[in-house]
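Undergrad:
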Amino acid sequence: MAVPELWAGMDAGKAEHHCVVIDTDGQRKLSRRVANDETTLLKLIDDVLALSDGEPVSWAIDLNAGGAALMIALLTDNERQVLYIPGRTVHHVSGSYRGDGKTDAKDAFVIADQARMRRDLQPMHRGDDIAVDLRILTARRLDLAADRTRVINRMRAQMLEYFPALERAFEYKTSKASLVLLTGYQTPAALRRIGKNRLAAWLKNRKVRNSQLVATIAVQAAEAQHTAVAGERLAAAVVAKLAREVTALDDEIAQTDALIEGRFHDHPHAEVILSMPGLGPVLGAEFIAHTGGDVSVFGSPDRLAGVAGLAPVPKDSGRISGNMRRPRRYCRRLMRVFYMSAQVAAQHCPASKAFYERKRAEKKTHKQAVIALARRRLNVLWALLRDGRLFESSPPPRAASLG
Numbered sequence: 131m132a133v134p135e136l137w138a139g140m141d142a143g144k145a146e147h148h149c150v151v152i153d154t155d156g157q158r159k160l161s162r163r164v165a166n167d168e169t170t171l172l173k174l175i176d177d178v179l180a181l182s183d184g185e186p187v188s189w190a191i192d193l194n195a196g197g198a199a200l201m202i203a204l205l206t207d208n209e210r211q212v213l214y215i216p217g218r219t220v221h222h223v224s225g226s227y228r229g230d231g232k233t234d235a236k237d238a239f240v241i242a243d244q245a246r247m248r249r250d251l252q253p254m255h256r257g258d259d260i261a262v263d264l265r266i267l268t269a270r271r272l273d274l275a276a277d278r279t280r281v282i283n284r285m286r287a288q289m290l291e292y293f294p295a296l297e298r299a300f301e302y303k304t305s306k307a308s309l310v311l312l313t314g315y316q317t318p319a320a321l322r323r324i325g326k327n328r329l330a331a332w333l334k335n336r337k338v339r340n341s342q343l344v345a346t347i348a349v350q351a352a353e354a355q356h357t358a359v360a361g362e363r364l365a366a367a368v369v370a371k372l373a374r375e376v377t378a379l380d381d382e383i384a385q386t387d388a389l390i391e392g393r394f395h396d397h398p399h400a401e402v403i404l405s406m407p408g409l410g411p412v413l414g415a416e417f418i419a420h421t422g423g424d425v426s427v428f429g430s431p432d433r434l435a436g437v438a439g440l441a442p443v444p445k446d447s448g449r450i451s452g453n454m455r456r457p458r459r460y461c462r463r464l465m466r467v468f469y470m471s472a473q474v475a476a477q478h479c480p481a482s483k484a485f486y487e488r489k490r491a492e493k494k495t496h497k498q499a500v501i502a503l504a505r506r507r508l509n510v511l512w513a514l515l516r517d518g519r520l521f522e523s524s525p526p527p528r529a530a531s532l533g
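Count along the sequence shown starting at 1, add 130, and that's the number in my numbering.
(1) Reducing DSSP to helix, strand and coil, say where E146 ends up.
(2) For V412 and A275, what's the separation of their Cα atoms in angstroms?
(3) Is the distance from the Cβ of G414 to the Cβ of F394 below 8 Å?
(4) Helix or strand or just coil, what does DSSP make of Q350?
(5) State the Cα-Cα distance for the pair D517 and L511, rounded to the nearest angstrom.
(6) Would you mind listing the beta strand (DSSP E) stretches within the region 197-279 that are 3+ residues and don't spill past its ends, in chain order?
(7) Buried or exposed: which applies to D263, given that a residue is buried once 16 or more other Cβ atoms fall within 10 Å of its Cβ?
(8) Going by C-alpha to C-alpha distance, which of A287, R163, A142, N208 sits closest to P216?
(9) Leaving aside the five residues before and after F417 along the sequence, list all residues of the same chain whose C-beta is less than 6 Å from its C-beta, in chain order.
(10) Only counting the same chain, and skipping five residues up and downstream in sequence, which positions put a Cβ closer than 8 Å to that of A190?
(11) Give the straight-line distance between the Cα atoms of R162 and R249, rounded to the nearest whole angstrom.
(12) Tell me whether R516 sits in a helix, a strand or coil according to DSSP, three-state version.
(13) For V94, name the three-state secondary structure that DSSP assigns.
(14) So for G533, helix, strand or coil by DSSP?
(15) Taking the alpha-carbon positions, what's the H603 to R462 distance?
(16) What are the boundary residues of the alpha helix (DSSP H) that includes V310?
(17) What's the call for L321, buried or exposed, on a 16-neighbour Cβ count within 10 Å?
(18) To which residues of the same chain is S471 closer than 6 Å at the C-beta, ignoring the five residues directly before and after it?
(19) If you measure between the beta carbons of T317 and R256, is that distance less than 8 Å?
(20) Whose C-beta lies closer than 6 Å to the C-beta of K144 among residues of the same chain, with five residues either side of it excluded?
(21) Taking the alpha carbon of R505 as the reference point, which residue from L434, V220, E492 has its own alpha carbon closest?
(22) Beta carbon of V310, beta carbon of R336: below 8 Å?
(23) Count Cβ pairs between the region 380-397 and the region 480-487 that sit closer than 8 Å; are there 3 or more?
(24) Could you check where the beta strand (DSSP E) with V187 kicks off and where it finishes?
(25) Considering just the uninterrupted stretch of the alpha helix (DSSP H) at L160, what are its terminal residues?
(26) For T169, count neighbouring Cβ atoms within 10 angstroms of its own Cβ and tell me buried if that reaches 16, exposed if not.
(27) What is the DSSP secondary structure of A138, reduced to helix, strand or coil?
(28) Quick one, are the C-beta atoms of L602 and L204 less than 8 Å apart?
(29) From the DSSP secondary-structure annotation, give me the bridge partner or partners of D153.
(30) So which of V223, Y227, P186, P253 has the shortest CA-CA distance to I202?
(31) Does Q288 pass the burial test, meaning 16 or more other C-beta atoms within 10 Å, or should it be called exposed?
(32) Given P527, which residues of its chain have a CB within under 7 Å of its CB, disregarding the five upstream and five downstream residues?
(33) Are D258 and G392 touching if we call contact CB-CB under 8 Å?
(34) Classify G439 as buried or exposed, calling it buried when 16 or more other Cβ atoms lie within 10 Å of its own Cβ.
(35) Would you identify the three-state DSSP class for F293, choosing helix, strand or coil?
(36) In the DSSP assignment, the alpha helix (DSSP H) including N335 goes from what residue to what residue?
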């Protein structure tokens, strides 16, 4: 590829972007604020290309999604080179440029200048449609899960104020039966009135498994408290409403999981990913969503490990050397994919279990052993995707061995 003659830096925003174009000497050729709409952005691209007189132009931007998505699509669809410089990097680098103030024009200039000087920036590519869909779906699922946790915590806090015995009687995050119970009965007096047998029948009619056991636990909690706390009636109504909210969220999460699984199976790497122990459709979908569906763009498994936070970085100073720590900047969603799948594999995959136990025998903590296993599994998954073959636990190929 020819060396660019111009570098265009974009400080992206929601409604507007600021573009600064510089030449090989770092001199500004254009500085313009533009609206985030197609017509205006196309006019900007044409004007920048006119400045270049047909020579290559390298574009750089500080966002890879959100408000910058339209600009990125317009550039990548026309095969323009687009480099991604994270906003955090721009923030730290800006301190080395003249002037203490912060403006969009200065940030755009910093982005362009960094693109001009650096050679370690990865070019952006048009997003794989399946990967984009999975990113949207997995982000939605994450929001739903967070909402569910928040509602359950609020519900338990409310119960604790007037009926602590019932609050501690069930694990509401995992017990659907307890949520069904709370939609109908929330106070000690109401549970004592209906009694164990009628409550068990009421729960059974609502398809609750172990209805007799649930009824017994609930009535025992009611027998332990005969005092009505002030505000009990309103608090009980709030708890019933929150229990219904959790149930509705569970239904939406299940629907989202079905959409994720269906879209995930459309991806050509789905079968390879699922062959890895511990990686199901949801974690596999997150992997595709946050790698763009093509791990080759990272260049090497070491680079991917760095992005996922699985490659320690040195923290040396003076005579002190050999200290390693986890990087501060990494994709926590990718870390979650590898960490959680490694935890599952350490229990159910013989090769992974043997590797984990060996690390534990080396006096590693549980967390350290799981991270080491996650790092090794990343290498294996990289090799499988590169070669287009499935994971085989026994005997594993030497190049992809977990041992």
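Even glycine gets a Cβ: it sits at the ideal position worked out from N, Cα and C.
TA: So, from the data block:
(1) DSSP places E146 within a strand segment (E or B) once states are collapsed to three.
(2) Cα-Cα distance, rounded: 13 Å.
(3) Yes.
(4) Three-state DSSP puts Q350 in a helix.
(5) Between D517 and L511, the C-alpha separation is close to 10 Å.
(6) Counting only runs of 3 or more, we get 211-214.
(7) D263 is buried by the Cβ-count criterion.
(8) Minimum Cα distance to P216 is reached at A142.
(9) Counting only residues of its own chain and dropping the five nearest sequence neighbours on each side, F417 has a CB closer than 6 Å to the CB of V467.
(10) Same-chain partners within the cutoff: W137, A138, G139, M140, V212, L213, Y214, I215, I241, A242, Q244, A245, L251.
(11) C-alpha separation (whole angstroms): 26 Å.
(12) Per DSSP, reduced to three states, the secondary structure at R516 is helical.
(13) In the structure displayed, the chain extends from 131 to 533; residue 94 sits before or after that span and is not available.
(14) Any reading at G533 is ruled out, since the residue's pLDDT is 42, under 50, leaving its predicted position unreliable.
(15) This structure does not reach residue 603, given that the chain is present from 131 up to 533, and the question cannot be answered.
(16) V310 -> alpha helix (DSSP H) spans 306-314.
(17) When all chains shown are included, L321 counts as buried.
(18) By the criterion of a C-beta distance shorter than 6 Å, S471 is surrounded in its chain by G408, L409, L413, once the five residues flanking it on both sides are discounted.
(19) Not in contact: T317 and R256 (Cβ atoms no closer than 8 Å).
(20) G197.
(21) The shortest C-alpha separation from R505 is found at L434.
(22) Yes, they are a contact pair.
(23) With a cut-off of 8 Å, the region 480-487 and the region 380-397 do not count as touching, because too few Cβ pairs lie within range.
(24) 187-191 is the span of the beta strand (DSSP E), which, as asked, contains V187.
(25) Looking at the DSSP string, L160 is not in any alpha helix (DSSP H); the run it does join, the beta strand (DSSP E), is 158-165.
(26) Residue burial annotation: T169 is exposed, with fewer than 16 other C-beta atoms found within 10 angstroms of its C-beta.
(27) In this structure, A138 counts as strand in the three-state DSSP scheme.
(28) The displayed coordinates of the chain run from 131 to 533. Any statement about residue 602 would go beyond what the structure contains.
(29) Paired residue(s): L136.
(30) Per the Cα distances, P253.
(31) By the neighbour-count rule (16 or more Cβ atoms within 10 Å), Q288 is buried.
(32) At P527, the pLDDT of 49 sits below 50, so the modelled position is not reliable and the matter cannot be decided from this model.
(33) Not closer than 8 Å, so no.
(34) That one is buried.
(35) In this structure, DSSP gives F293 a state outside helix and strand, which the three-state scheme calls coil.
(36) Judged by DSSP secondary structure, N335 falls within the alpha helix (DSSP H) whose first and last residues are 318-335.
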